[in-house]
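Everything in the sequence shown is counted per the numbering used here, starting at 1260 for the first residue and increasing by one. Presented below is the structure to which this report refers.
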Amino acid sequence: MELVPVYLAFILVLAIFLGFELISKVPATLHTPLMSGANAISGITIVGALLAAGAGGPSWLTTLLGSLAVFFATVNVVGGYLVTDRMLGMFKRRPDPDAKQ
């Protein structure tokens, strides 16, 4: 059972390399929709954090760490949506002040 951390480290390095390669190949026009989709998937993190917080472990530390996980996951998702909304706002057309109505 000594090799389990080696396998986990291999999976982590492989995931980092694969993620970098995938993101670097995405065209600039697709970054905003990709980020929006990633934020939606990150909502699953909140569900996991809620399960961890409500697991009622043997000590108060589990509840505290689960509650912190809920807080940070919520900040991550809400912040991601705010950034996405701001990025999409950059593509909206502004009314022309010189145009006659």
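Beta carbons: idealized from backbone N, C-alpha and C, even for Gly. Keep in mind the model is a prediction, meaning the values are calculated, not measured.
At 4 residues or longer, what runs of the alpha helix (DSSP H) sit wholly inside the segment 1265-1324? 1290-1312
Just how far apart, CA to CA, sit R1352 and D1344? 15 Å
For the segment 1297-1309 and the segment 1323-1342, state whether three or more C-beta atom pairs, one from each stretch, are separated by less than 8 Å. Yes: the two stretches touch, three or more of their Cβ pairs being nearer than 8 Å.
If N1248 and S1301 are in contact, beta carbons under 8 Å, what's the gap, nearest whole angstrom? The question about residue 1248 has no answer here: the residues shown for the chain are numbered 1260 through 1360.
Nearest-angstrom Cα distance between L1347 and W1319? 42 Å
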